[in-house]
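To start, the structure under review is shown below, and the notes come after it.
Protein chains: 2
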Amino acid sequence: MNEKKQLLLNAALKLFVEKGFHGTSTSEIAKTAGVATGTLFHHFKTKQELINSLYLYTKEQLLTAITMDYQDSEQFKSNLKRLWLNFTHFGIENSDMFQFIIIFHSSPYITSLTKEQAETRFDDVLIFYRKGIENQEIKTVKDEMMVEFFLGTIFSTVNYFNKHPEQLNEKNMNLTFELFWDGISK
Amino acid sequence: MNEKKQLLLNAALKLFVEKGFHGTSTSEIAKTAGVATGTLFHHFKTKQELINSLYLYTKEQLLTAITMDYQDSEQFKSNLKRLWLNFTHFGIENSDMFQFIIIFHSSPYITSLTKEQAETRFDDVLIFYRKGIENQEIKTVKDEMMVEFFLGTIFSTVNYFNKHPEQLNEKNMNLTFELFWDGISK
DNA sequence: ATATATACTGACTAATCAGTCTATATTGTG
DNA sequence: CACAATATAGACTGATTAGTCAGTATATAT
C-alpha cells in the first residue's frame, strides 16, 4: 500500500468517527494526512470510494485479529471464548476502527455491494463455529439471533471498558464473558 | 407544542437517521415538514439546537414508554422483565427514535450538556431497580457493567427483530429475555 | 377594535464543499 | 541515461450550505 494512501485512510478513519461522513470535508482529510486534495482524488476517485475502501480495510483488520483458529482438540467453550476475547480486545485496542465498523455498518454511506463483500468474508469465520454449536450445551436459538447476541455482548463490553478503563483486567474480562456464556448455555 | 415545530422534529428525526446530521440540509428538513426554512430557524436558533431538542424529545418519549412501574409485591425478575420488554417493544415500534438515540448518544453533534440533562432523568428510572439488585439472585457485577449489558441485549434483540420481523412473537421474545436473565443470574 | 407579540415566508448571501485541471516531481524500466 | 507512467501539488469552479432579513399573516390581550 502506497504510504500517502495509508496516511489518507488513517486520517479519514479518525475524522469520520469523530465528525461523521458529511461532517468531514475532503480538504480536512487531506490536511490531516499532510497531503494535497489532488492526491486524495488521485488515490480515490470520489469521497464515496474512500469510505468504501476504508470499510473494507477496517473489516479486514478485524478479521485478521479474530483469526480462524478453531481447535477441534479443545472444548467448544474454550474456542468460543478465544473468539470472543480476540474480538473484544480488538474493539478495545482499536476503538476508532471498532467504532467505525459499528457506525457505518448500518449506514447508507457504504454501498450495499461493499457491505456484501465484507459480510461474505465474515461468515467464513462463523461457519467454523456452526458445527460446534450443533449438539452442544447451547440453547436452541436461531443462528442469526445467536450472532446478534454475541455481537451485542461484545459491543457492551467494549463500551464498558472504554468508559471505565481502570476496570480492565483479566478477572473482569472473564466475568463479562461469563455473562454471555451463562446466557446462551442450557 | 406548536404544530409546525412538531412537524419539523418528525422530519428531522426521519432524515437524520436516514442520512446523518451533516448529510441532511436544513432546507430539506423544512421541505419535508412542509414549511419554509425561515420557520425552522424561528423555532430553533441553529441546526445544532434542533438536534439537541430532538435528542431530549426522543429520550423523553423513551422514558414515558418504560415508565417507572416497579411493583414491590412482584418478584424482582418480573419487574426487570417488564422494564426489559417495555424497552425492547419501544425499540421495535419506534425504530427511528431508537436508532436516533443509539446513533447520537455517542456523537459529537449532541452537546454534553444536553446529554447530561437526558442522562440524569434516565438514572432516576434505574435507581428503583438498584435496591432490587442488592441481595438478589444476580451476579455481583459493577452497576455500570450491568447497565451496559442490559442495553446491549436490548440493542441486539431490537436489531434481530428488525431484520427478521417474521420471528417476532411472544415465545421468541421470552426466549431472548431468558438469554439476558440467565446471563446475569447466579 | 386596536395594539403588541408571535408565527411564518422565501429570496438572498457569504462560506464551504466535492471534484477538476494543469503543471511539476518522483519512480520504474530498458 | 532517456522516457514513460505514476504520484503529488494547490489554485480553481459550480453547486450547495447554514443562517439572515425584511416583510406579511395570525393569534392574544386589553
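Chains as they are written, first to last, in this note's numbering: chain A, 1 to 186; chain B, 1001 to 1186.
All residues carry an ideal CB built from backbone N, CA and C; glycine is no exception.
Please return the same chain residues whose Cβ sits closer than 8 angstroms to the Cβ of residue 257 of chain A, not counting the five positions on each side in sequence.
Here chain A comprises residues numbered 1 to 186, so residue 257 of chain A is not present and cannot be evaluated.
Where residue 141 of chain A and residue 1088 of chain B are concerned, what is the direct C-alpha to C-alpha distance, given to the nearest angstrom?
Here residue 141 of chain A refers to the residue found at position 141 of the first sequence. Here residue 1088 of chain B refers to the residue found at position 88 of the second sequence. Put simply, the backbone Cα of residue 141 of chain A is about 18 angstroms away from that of residue 1088 of chain B.
Give the straight-line distance between the Cα atoms of residue 1033 of chain B and residue 1075 of chain B, rounded to the nearest whole angstrom.
Taking the first residue of the second sequence as 1, we reach residue 1033 of chain B at position 33. Taking the first residue of the second sequence as 1, we reach residue 1075 of chain B at position 75. Each residue's CA atom was taken as its position, placing residue 1033 of chain B and residue 1075 of chain B some 46 angstroms apart.
Quick check: the Cα distance between residue 1171 of chain B and residue 1178 of chain B, rounded to an integer number of angstroms?
Along the second sequence, one-based indexing puts residue 1171 of chain B at 171. Along the second sequence, one-based indexing puts residue 1178 of chain B at 178. C-alpha separation (whole angstroms): 11 angstroms.
So, under 8 angstroms CB-CB, residue 1148 of chain B and residue 1186 of chain B are touching, yes? Tell me the CB distance rounded to an integer number of Å.
Residue 1148 of chain B sits at position 148 when you count from the first residue of the second sequence. Residue 1186 of chain B sits at position 186 when you count from the first residue of the second sequence. Not a contact, Cβ separation roughly 19 angstroms.
What is the DSSP secondary structure of residue 1185 of chain B, counted as helix, strand or coil?
By 1-based counting over the second sequence, the position of residue 1185 of chain B is 185. In the displayed model, residue 1185 of chain B falls within a strand according to three-state DSSP.
Check whether the segment 10-21 of chain A touches the segment 47-65 of chain A, taking contact to mean three or more Cβ pairs, one atom from each stretch, closer than 8 angstroms.
Three or more Cβ pairs drawn from the segment 10-21 of chain A and the segment 47-65 of chain A lie within less than 8 angstroms of each other, which places the two stretches in contact.
Taking only beta-carbon positions, decide if residue 1111 of chain B is within less than 8 angstroms of chain A.
As a position in the second sequence, residue 1111 of chain B is number 111, starting the count at 1. Output row for residue 1111 of chain B: interface = no.
DSSP state of residue 66 of chain A mapped onto helix, strand, coil:
Along the first sequence, one-based indexing puts residue 66 of chain A at 66. Three-state DSSP puts residue 66 of chain A in coil, outside helix and strand.
Which residues, taken in chain order from the segment 1130-1145 of chain B, show a beta carbon closer than 8 angstroms to some beta carbon of chain A?
Residues of the segment 1130-1145 of chain B with a C-beta atom less than 8 angstroms from some C-beta of chain A are 1139, 1141, 1142, 1144 and 1145, listed in chain order.
Can you tell me which of B:1003, B:1038, B:1080 and B:1036 puts its alpha carbon nearest to the alpha carbon of residue 1133 of chain B?
By 1-based counting over the second sequence, the position of residue 1133 of chain B is 133. Considering only alpha carbons, the answer is B:1080.
Count the other CB atoms within 10 Å of the CB of residue 145 of chain A; is the residue buried (16 or more) or exposed (fewer)?
Within the first sequence, the letter at position 145 stands for residue 145 of chain A. A buried status is given to residue 145 of chain A, since no fewer than 16 other beta-carbon atoms sit within 10 Å of its beta-carbon.
From residue 1043 of chain B to residue 1059 of chain B, what distance separates their C-alpha atoms?
Walking along the second sequence from the start, residue 1043 of chain B turns up at place 43. Walking along the second sequence from the start, residue 1059 of chain B turns up at place 59. Counting only the Cα atoms, residue 1059 of chain B lies some 20 angstroms from residue 1043 of chain B.
Cutting at 6 angstroms between CB atoms, please list the residues of its own chain near residue 1194 of chain B, excluding the five before and the five after it.
A query on residue 1194 of chain B cannot be resolved here, the shown segment of chain B reaching from 1001 to 1186 and no further.
Beta carbon proximity, residue 165 of chain A to chain B, threshold 8 angstroms
Stepping through the first sequence from its first residue, residue 165 of chain A is reached at position 165. Cβ-Cβ to chain B under 8 angstroms: no for residue 165 of chain A.
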